[in-house]
Ligand SMILES: NC(=O)c1ccc[n+]([C@@H]2O[C@H](COP(=O)([O-])OP(=O)(O)OC[C@H]3O[C@@H](n4cnc5c(N)ncnc54)[C@H](OP(=O)(O)O)[C@@H]3O)[C@@H](O)[C@H]2O)c1
């Protein structure tokens, strides 16, 4: 299987590459700065430059892949929206930047690499969302930029699922849990290795019938 992972230089993305390569998959790893992605390079395999918020960068990445068939695309790159996204302290410019990366980024990469996915046998799109993107599970408010961007990503995944179903292409969003990464912090509940094992298990088992769903790293469904 050949897999694309964005935001592959650290955190969940880096661990996705590690576990995918360990089980024998080919990985096309993408990150913003390949020249400084030391840990990613140490894992071996191909490393590409891709800033998911930049059209030109995504197009250049797609051109680099050419007509390489892709079985699974994991849209992992994301940002948390910064420290000014509360009721009393809202930075709207920051929210727009968050939307560019977290909501439009996965859609931008998915559309650019759709021809590659059509050529692959796996035909799966998995987007790493967040529990904070769930409207049904929102019990604490706040995080306006991040919550709204991830909710928009969830909607994009659903529309992709609807439109691509006839071609046998699956699109799901996966909640990785609260994970011990730079974003999640040291006191997060889940190790990055456990989260990624759960994400891969959920994605591996996702069927066309499940396309459009909001999956959880624990293997269950997450409320919208
Ligand atoms: N950790 C958690 O508790 C948690 C919970 C829910 C959801 N998530 C989601 O899980 C995904 C991975 O998060 P993480 O915890 O691994 O975060 P992380 O440790 O902060 O890593 C984020 C990754 O995204 C990359 N990235 C940021 N902006 C990018 C852009 N414009 N183009 C390409 N890559 C970009 C970063 O690259 P640079 O090094 O170049 O910045 C980095 O590789 C994100 O989508 C996040 O929203 C995480």
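In our numbering, the protein residues as written are 139 to 362.
Note that the Cβ used here is the ideal one computed from N, Cα and C, for glycine as well.
Three-way DSSP call (helix, strand, coil) for residue i in this model
{"i": "residue 227", "result": "strand"}
{"i": "residue 293", "result": "helix"}
{"i": "residue 343", "result": "helix"}
{"i": "residue 161", "result": "coil"}
{"i": "residue 173", "result": "helix"}
{"i": "residue 254", "result": "helix"}
Near ligand 1: residue i beta-carbon under 7 Å from a heavy atom
{"i": "residue 156", "result": "no"}
{"i": "residue 295", "result": "no"}
{"i": "residue 148", "result": "yes"}
{"i": "residue 119", "result": "Nothing can be reported for residue 119, as the shown portion of the chain is limited to 139 through 362."}
{"i": "residue 332", "result": "no"}
{"i": "residue 214", "result": "yes"}
{"i": "residue 286", "result": "no"}
{"i": "residue 191", "result": "yes"}
Proximity of residue i and residue j at Cβ, strictly below 8 Å
{"i": "residue 368", "j": "residue 200", "result": "As shown, the chain starts at 139 and ends at 362. That puts residue 368 outside it, with no answer to give."}
{"i": "residue 211", "j": "residue 263", "result": "yes"}
{"i": "residue 312", "j": "residue 337", "result": "yes"}
{"i": "residue 196", "j": "residue 246", "result": "yes"}
{"i": "residue 233", "j": "residue 243", "result": "no"}
{"i": "residue 287", "j": "residue 236", "result": "yes"}
Sequence-distant residues of the same chain with beta carbon closer than 6 Å to residue i, five excluded per side
{"i": "residue 277", "result": "none"}
Rounded separation between residue i and residue j - CA only
{"i": "residue 306", "j": "residue 346", "result": "7 Å"}
{"i": "residue 227", "j": "residue 221", "result": "9 Å"}
{"i": "residue 169", "j": "residue 355", "result": "23 Å"}
{"i": "residue 206", "j": "residue 141", "result": "11 Å"}
{"i": "residue 187", "j": "residue 172", "result": "6 Å"}
{"i": "residue 384", "j": "residue 163", "result": "A question about residue 384 goes unanswered here, because the residues of the chain that appear run from 139 up to 362."}
{"i": "residue 204", "j": "residue 326", "result": "39 Å"}
{"i": "residue 349", "j": "residue 265", "result": "12 Å"}
Below-8 Å beta-carbon distance, residue i vs any chain B residue
{"i": "residue 289", "result": "No chain B appears in this structure, which consists of one protein chain only."}
Beta-carbon proximity list for residue i, same chain, < 7 Å, skipping 5 on both sides
{"i": "residue 282", "result": "223, 228 and 233"}
{"i": "residue 314", "result": "150, 266, 333, 337 and 355"}
{"i": "residue 339", "result": "357"}
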